[in-house]
Structures are given as structure tokens and as C-alpha cells.
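Accompanying notes for the structure given below.
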Amino acid sequence: MDTDVVVLGAGISGLSCARRLRASGADVVLLEAGERPGGPIATERTPEGFLIEHGPQTVRVADPDLLAELDGLGGDTARIGAEPASGRRFVVWKGRPQALPHGPGALVRTPLLSARGKLRLLREPFVRARPGADPTVAEFVRGRLGPEVADRLVDPFVAGVYAGRSDRLSAAATLPDLVEGVRAHGSLLRWGLRGRPRRAAGAPRPTLVSFREGLGEWPRRLAEALGPALRLQDPAVALEPHAGGWIVHTGSGGTVRARAVVSALPAPAAAALVRELDGAAADALDGIAYAPVAVVHLGFVCAEPPDVLRGFGCLNPTGEGRRTLGTLFSSSLFPGRAPEGHVLTATFVGGSRAPEAFVEDDTALVDRALHEHRTLFGLDAPAFERVIRWRRAIPQYEVGHTERIARVRRLEVARPGLRLIGSWRGGVSVPGCWASGRATADAVAGEMRPAGTSASVGRSSSLLAAGSPS
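Numbered according to our numbering, the sequence shown terminates at residue 1419, and the numbering increases by one at each position without gaps.
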């Protein structure tokens, strides 16, 4: 079988890449090892009437092209925006949920920082940058903004986004815009005033979105559009350079010949595929750790939710000694997540902060989550319980990550027609993975297109017309 491009992995990175390549006129085969597309994005409507997300709970969209794609999925897929209360976010401080400050006035009034901590912020423009180092997120923030901001605000943020530890993650890899802002302008304040990109006039404000039947609708619709080009339960097991292109050996015993291969696999799976091509790149990929996360969904009979549950969620700083990373208030984010008179939450347990918790049985994990609900939210006796486990949930951009990615880039330069993408590179967010897949598709299509050919290629003409591996 011949095709233009083989894409490996049908998470959002791979689906986005395959869709974009098809739109450019390329013939595509998308190979997926699992039984369904979407990677960690999956939604379930339970018999009790709760709508639970197995992975990401929502998507924060700022790109108008992404909004257009979500609106154009077709069928009965209806994009919905988050409830107004979702703007309220909480951090636990001294055993109680405290609202995160929004704006300078709220920052002055917040009890999350002491007077000394607030005054420390004023010193930031005068803190000298330290060139050449790869500090951790904790070191970078503590050095520029002080220990209170690092421990009480940034530490829980890192737990919420990466399920990680701020004393391990690389600032350059995790917060690249901030690190570059300091390098270019000398301070975060000056970067914010002079160098930070502004939203273009007329551009939509970033918004939280999902679908009436959950985020799983997105990969399902993308997969339907690809039709037989998507091959489920048929992983790539080996890559072989051949005659200016590639031969992909699959788990079903077949082969696919292609001009280009895009791997959108998790780092460990990508490492196994490229080891025969470049052992150093494979070692770099194997060096990317993943945080294990268990998601505990709890539903409660609650006609009038407590005020604290009218928001996005509540995160736990390490210093609070809590038994979980934090809790999202699922039924406060979007309508239709819980039956009438009920609330639904999703509590995250484990991560790099407490990987040992991941292996506890479901009863112990539910007990952890219930302890948080009793002590923080005044909720007990759930009517619904469900535990979802992700052994490799989120890649950790730990110190040295930029060097690992540089090693992977050298493999791509040495092996034309091979690209590697995924949440382990360029950002862990769902929109970031979507954008990476789209940009990679544009680059691959451009490399295969004959000189002088228009960038817009009709769907009826494959790029194979320019030549394929024999």
C-alpha cells in the first residue's frame, strides 16, 4: 500500500495533523494502537446520568482557527461555553479555599500573600537575570517574585496543569514565554508592559469550551471524517528508511510505504520506534518522565451547591499537606454534567507529588477525595463514585528537557521525512497539541509539494503524483 504520509497515533496531535494533511490534498493513513481515537480525551455518560471526562475536562481556546474547527465538526455536535462562574478559581491556604486574585486590586487584598510577600513583588524589576542556567520553575519564580508566590500560587498551578512538582520542572521548558521575556527585557514587569504579545483587535477572548456530550465528541467527529484512513488497533511496530521514503511495519503484519512519517506517539512509544535509527534520540525520549494520575469522579445529591463549588476548581499547594492535587467542579463548568439536584466533581490524585497514591485501590482513592470534600467543601456521602487511572498521564518537562528535545530535532534533520510530535514537546495543553499537529502537517505538505505548486491542492489529486518511494 502506498500513501503520502503515515501518521502514528490518533490523539489530538495525530488527528489534527491527519485532518490538515487531507485538506492539503495529501493521501494519509493514520495508525492507532488502541480501540478508539482521542488518546486521553474520552467522555462517558453513566447509567446514573452523570457525564464524566476520563481525561481533560475542558479546552481553553484562544485561536480563531480552532474555534472554527470546533464549530464546523457537523452532525449534532454543539460547542458550548463554560458557565460564567468558571472564572472563579481557588487555592487552599491555611486549610480553607481562597479565591485566586484577578487584577492588581485583588492582589493587594488577597490573604494568600502577606504584606511582606506583596512588597517582594515590587522588587522584581530590580532582580538581575542569571544567564546560562536551566533553573527549575520553583527557583525561577522564587528568585524573581519571592517564595510566597512560588509556594502558594505557582506550585498549585504546576500541580493543576502538569500534575508535577515545581522543584523539578524546567522553567525554560515549562514557562518559555516568561523566561524569554526576562531574557529580552530584564524583568517580568517590563516584559508585560513592553514585550508581551497583545491580543489582536477583533480577536476572540480566550474561552473555555466543551460539547453538549463532552470533549469526546471532538476526536469522534475527526475520526469519522477520516473514514477508512484511520486504522484502529493497528500500531506501527517498526520504521524502515527506503528509497527516499519510509516503510512502516504494522502490528497486523502489513506494511505501508510513504514519503513521510509523522509520529504523534507518547515519548516511550516513539523511543521504541526510533531506537534503530538513532539511539541517542531514543534515550532522550525515554528520559522524559510521565506523571501517573487517578481521577476520582464523585456525584452528590445537592439541591443548592455551596458557594465555593460555584467556580472552576480548587488546587492544593504542596505546603498544605493535602491528600490530592486538587478538584474541578465539573457540574459548575458546563450544563448537563449531573442530573437535576446533583453536583459532580473530579478530584486528581497522585502526580509526581505523590506517585505512590496512584497504586492504591479504588476505595482508598475515593477516601482521599472524600476527605477533601468533607474538610473543604462540606460534602459527604456521594451518590456516585468512579475512578479513572492514567499510568502515563502528563509528560514532565523536567530540568534538561530542552536538551532532550534538541537531540530529537537532530534526528529529524538527519532523517528527512520523519517528524515527531506530541504532548511531550511544545506544551501539554490540548490546544497546543492541536496546533502542533496542524503546523507539522503544513510543514510536511510543503516539503513534499513540487516547486512552483500552489499551496492549495485539490482533494482529488494525491501528492504522490510528485513521486513515491518505489
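Think of the CB as a built atom: it goes at the ideal place given N, C-alpha and C, for glycine as much as any other residue.
Model, not experiment: these values are computed from the prediction.
Beta-carbon gap between residue i and residue j smaller than 9 angstroms
i	j	result
P1284	V1041	no
A1112	V1242	yes
Q1345	S1280	no
L1277	G1262	yes
L1175	R1387	no
S962	S1378	no
E1347	L1118	yes
D1020	R1009	no
V1257	G1290	no
E1225	T992	no
L1314	A1306	yes
E997	F1333	yes
D1227	L1360	yes
R1038	L1264	yes
D1116	A1087	yes
L1061	L1049	yes
V1211	I1370	yes
G1044	E1269	yes
A1460	G958	This structure cannot speak to residue 1460, because the chain is shown only from 950 to 1419.
V1076	S1159	no
E1321	R1286	no
For residue i, three-class secondary structure by DSSP
i	result
D953	strand
T1026	coil
W1195	strand
A967	helix
V1239	Reading off the sequence shown, one finds Tyr at residue 1239, where the question assumed Val. The answer is strand: DSSP assigns Y1239 an E or B state.
P1177	helix
S962	helix
G1036	helix
A975	coil
T1156	strand
S1410	Its pLDDT being 42, under 50, S1410 is placed unreliably by the model, and the measurement read from it follows with that caveat. Note: S1410 maps to coil in three-state DSSP.
W1140	helix
G1228	helix
R1169	helix
L1222	helix
R1206	strand
A1133	helix
I1370	coil
F1075	helix
R1358	helix
A1031	coil
V1377	coil
A1185	strand
R1387	helix
L1019	helix
G1416	Bear in mind that the predicted position of G1416 carries a pLDDT of just 41, short of 50, making it unreliable; the figure below should be weighed with that in mind. Reduced to three states, the DSSP call for G1416 is coil.
L1234	helix
L1164	coil
R1147	coil
L980	strand
L1124	coil
Residue i - partner residues in DSSP beta bridges
i	result
L1249	Just to set this straight, residue 1249 is Phe in the shown sequence, not Leu. According to DSSP, F1249 bridges with V1292.
R994	L1000
V1008	V1158
I1343	A1240
P1190	W1195
A1394	Paired residue(s): none; A1394 is not in a bridge.
G1333	Correcting the residue type first, residue 1333 is Phe in the shown sequence and not Gly. The partner list for F1333 (beta bridge, DSSP) reads G1248.
V1211	V956 and R1368
G1262	R1038 and L1277
S1119	T1085
R1338	A1243
Nearest to residue i (by Cα), restricted to the options the options
i	options	result
L1188	V1110, P1125, W1373 and G1366	G1366
F999	D1104, D1311, P1288 and A1027	P1288
T1204	A1216, P1215 and H1191	H1191
A1034	E1309, G1260 and L1325	G1260
A1209	R1368, D1256 and A1048	R1368
L980	V955, G1141 and P996	V955
G1193	A1011, E1396 and R971	E1396
V1245	T1199, V1336, R1079 and P1155	V1336
L1181	D951, L964 and P1105	L964
V977	I990, E984 and T952	T952
R985	R1340, G1165 and R1364	G1165
T1007	P989, D1311 and P1013	P989
T1294	T1312, A1229, D1329 and E1309	D1329
L1179	W1383, G987, G1202 and D1391	G987
G1172	D1012, G1023, R1356 and R1341	According to the sequence provided, residue 1172 is Ala. The question's Gly does not apply to it. Per the Cα distances, G1023.
Residue-chain proximity (residue i, chain B), Cβ-Cβ < 9 angstroms
i	result
R1132	Of the protein chains in the structure, only one exists, and it is not chain B.
Entirely enclosed alpha helix (DSSP H) segments - the stretch 1268-1329, minimum 4 residues = 1279-1282 and 1311-1321
task = Note down, one range per segment and in chain order, each beta strand (DSSP E) of at least 3 residues found wholly within the stretch 1037-1073.
result = Runs found: 1038-1042 and 1045-1048.
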